[in-house]
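**Student:**
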Amino acid sequence: MDASFAAFDPVVWLIFGAFVVFTYLIVRIFHGKHPDYPGKLE
Amino acid sequence: MPADVDDLVVRVADVCTYKWDMLRNRPGAFLLSAFAGGAFVVFGATLALSVSAGVAGNVAPGVANLMMGLVFMFSLVIILFSGMTLVTADMAIGIIGVFHRRITWFWFIIGILAGYAGNFAGSMLFMWIVSKGGSYMALPWLQQAHAIAVNKTGMTPVQIFALGIICTWMLQTAALLYIKANEDIAKIVMAAYGPLAFVAGMTEHCIANIGFLALPLFQQDFFLQGQTALSSTATVVLHWGFGQYGWAHNQLYAFMGNLIGGIFFAGIVFQLVSNPKRVMELYRNKKNFMQKL
Numbered sequence: 000m001d002a003s004f005a006a007f008d009p010v011v012w013l014i015f016g017a018f019v020v021f022t023y024l025i026v027r028i029f030h031g032k033h034p035d036y037p038g039k040l041e
Numbered sequence: 000m001p002a003d004v005d006d007l008v009v010r011v012a013d014v015c016t017y018k019w020d021m022l023r024n025r026p027g028a029f030l031l032s033a034f035a036g037g038a039f040v041v042f043g044a045t046l047a048l049s050v051s052a053g054v055a056g057n058v059a060p061g062v063a064n065l066m067m068g069l070v071f072m073f074s075l076v077i078i079l080f081s082g083m084t085l086v087t088a089d090m091a092i093g094i095i096g097v098f099h100r101r102i103t104w105f106w107f108i109i110g111i112l113a114g115y116a117g118n119f120a121g122s123m124l125f126m127w128i129v130s131k132g133g134s135y136m137a138l139p140w141l142q143q144a145h146a147i148a149v150n151k152t153g154m155t156p157v158q159i160f161a162l163g164i165i166c167t168w169m170l171q172t173a174a175l176l177y178i179k180a181n182e183d184i185a186k187i188v189m190a191a192y193g194p195l196a197f198v199a200g201m202t203e204h205c206i207a208n209i210g211f212l213a214l215p216l217f218q219q220d221f222f223l224q225g226q227t228a229l230s231s232t233a234t235v236v237l238h239w240g241f242g243q244y245g246w247a248h249n250q251l252y253a254f255m256g257n258l259i260g261g262i263f264f265a266g267i268v269f270q271l272v273s274n275p276k277r278v279m280e281l282y283r284n285k286k287n288f289m290q291k292l
């Protein structure tokens, strides 16, 4: 099988891993900057 | 007046609360709504195949894509109007729910996995039933279904991944604007735009592709018989696994691309554009924290 059609494509998985980390950090930084966001929740 | 972006993210968070409340308290209902949502998506895939078979590429490349998009576009309308579940919509809705502390990361992931499982079951079952229907066993439709599948599974991982990102970037922008709109006509136009754009734009949607790829796989024996009678040239044989021309090859990279397009380029962008202070003001007077689509 051609290696470029494998289930583990390093380029794609690297970008995806960066996306997961970056997304988590964005939410964490946002909540750190706005600790009471969004306010009242019942 | 449609909602501004601050109102919009609050509405989306309310939709998120409704959907994940269903998942927690009525998981059977959630899975059933995902089952229906998956089937609704491949209603569109079936219609797209039906109208595009036999359209010669040399008439004008892209005409078949436009025809497919035009009949596919009502899939998202019926999903959103009926309040059923589509995992790619939940990607954008769920991340806004995480920002608004409506759901945790754990429940976000559970919701995505459950949504995918339900969508998978609905789209697979629908396409299996379609594969037993006589109309789609005529050679032009067998050839078109096979050609679509060869094109989708023959691409490299990066190509599928990139088109997966583009797909949900367009589709979830339309889904969020559906929630932003107030009138039925505006909602229909917004919901119709998403599938029109992603199908006519030749992008990769994991749930639509379950159906686009499953049908030619279910019917491959009939296709090969017909093709062998017509020509002696080698024909690509599709398969369910990883590797070129495999169903799982397309699914894996389309799903990963869809996650980035829906979460990063749709959900997070709208959330970060909204004004946190204004959103917090909206919450001060808020009494209802749940909204059905």
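Residue numbers (numbering that gives the first Met the number 0), protein chains in the order written: chain A, 0 to 41; chain B, 0 to 292. Heads up, the beta-carbon is just placed ideally off N, CA and C, and yes, glycines get one too. In this text, all values refer to a predicted model and were calculated from it rather than measured experimentally.
So is A:A6 in contact with chain B if we call contact Cβ pairs under 7 Å?
**Tutor:** As a working note, residue 6 of chain A is residue 7 in the first sequence. Judged by the 7 Å Cβ criterion, A:A6 is in contact with chain B.
**Student:** Give a yes or no on whether the minimum CB-CB distance between A:V20 and chain B is below 7 Å.
**Tutor:** Start at 1 with the first residue of the first sequence, and residue 20 of chain A comes out as number 21. No, because no Cβ of chain B sits closer than 7 Å to the Cβ of A:V20.
**Student:** Quick one: what's B:G245 bridged to in DSSP?
**Tutor:** Residue numbering aside, residue 245 of chain B sits at position 246 when the second sequence is read from its first letter. B:H238.
**Student:** Assuming contact is defined by CB atoms lying nearer than 7 Å, are B:G37 and B:I206 in contact in what I supplied?
**Tutor:** For this step, residue 37 of chain B is matched to residue 38 along the second sequence. For this step, residue 206 of chain B is matched to residue 207 along the second sequence. Yes, these two residues count as a Cβ contact at 7 Å.
**Student:** Are there three or more Cβ pairs, one per stretch, closer than 8 Å when the stretch 243-258 of chain B is compared with the stretch 147-167 of chain B?
**Tutor:** The answer is yes - the stretch 147-167 of chain B touches the stretch 243-258 of chain B, with three or more Cβ pairs under 8 Å.
**Student:** Measure the C-alpha to C-alpha separation of A:M0 and B:I165 and round it to an integer number of angstroms.
**Tutor:** As a first step, residue 0 of chain A must be located in the first sequence, where it is residue number 1. As a first step, residue 165 of chain B must be located in the second sequence, where it is residue number 166. Legend: pLDDT at A:M0 = 47, less than 50; position of this residue unreliable, no value from coordinates given.
**Student:** Nearer than 6 Å: is that true of the beta carbon of B:A146 relative to any heavy atom of the ligand NAP?
**Tutor:** The ligand NAP is not part of this structure, which contains no ligands at all.
**Student:** Just to confirm my understanding: we take B:L30, look at its own chain, exclude 5 residues before and 5 after, and list those with CB closer than 6 Å. What are they?
**Tutor:** Position 31 of the second sequence, counted from the start, is the residue given in the question as residue 30 of chain B. Within the same chain, B:L30 has close Cβ partners G117.
**Student:** Along the chain, where does the alpha helix (DSSP H) that runs through B:D220 open and close?
**Tutor:** Taking the second sequence and counting its residues from 1, the one referred to as residue 220 of chain B is at position 221. 219-229 is the extent of the alpha helix (DSSP H) around B:D220.
**Student:** Can B:A44 and B:G193 be called in contact, C-beta distance under 7 Å?
**Tutor:** Start at 1 with the first residue of the second sequence, and residue 44 of chain B comes out as number 45. Start at 1 with the first residue of the second sequence, and residue 193 of chain B comes out as number 194. It is not a contact, given that the beta carbons lie outside the stated cut-off.
**Student:** Comparing the C-beta of B:Q142 with each C-beta of chain A, is any distance below 7 Å?
**Tutor:** To locate residue 142 of chain B, count along the second sequence from 1; it is residue 143. Chain A contact via Cβ: absent.
**Student:** Any Cβ of chain A within less than 7 Å of the Cβ of B:Q290?
**Tutor:** Taking the second sequence and counting its residues from 1, the one referred to as residue 290 of chain B is at position 291. With 7 Å as the cut-off, B:Q290 does not count as an interface residue toward chain A.
**Student:** Quick one: is A:M0 near chain B, going by C-beta distance under 7 Å?
**Tutor:** Looking up residue 0 of chain A in the first sequence gives position 1. Caution applies to A:M0, whose pLDDT of 47 falls short of 50 and renders its modelled position unreliable; the value that the coordinates give is listed next. So, interface residue.
**Student:** Mind checking which residues open and close the alpha helix (DSSP H) that includes B:M21?
**Tutor:** Numbered from its first residue, the second sequence carries residue 21 of chain B at position 22. Note, B:M21: alpha helix (DSSP H), 4-24.
**Student:** Between which two residues does the alpha helix (DSSP H) harbouring B:G110 extend?
**Tutor:** Here the question's residue 110 of chain B lines up with position 111 in the second sequence. Run containing B:G110: 104-130, per the alpha helix (DSSP H) assignment.
**Student:** For a quick check, are the C-beta atoms of B:A144 and B:L46 less than 7 Å apart?
**Tutor:** Here residue 144 of chain B refers to the residue found at position 145 when the second sequence is read from its first residue. Here residue 46 of chain B refers to the residue found at position 47 when the second sequence is read from its first residue. Not closer than 7 Å, so no.
**Student:** Return the first residue and the last residue of the alpha helix (DSSP H) that B:V188 is part of.
**Tutor:** Position 189 of the second sequence, counted from the first residue, corresponds to residue 188 of chain B. Element bounds for B:V188: 183-199.
**Student:** Which term fits B:L278, buried or exposed, when burial requires 16 or more other beta carbons within 10 angstroms of its beta carbon?
**Tutor:** As a first step, residue 278 of chain B must be located in the second sequence, where it is residue number 279. Per the sequence presented here, residue 278 of chain B reads as Val, with Leu not at that position. Buried, by the Cβ-count rule.
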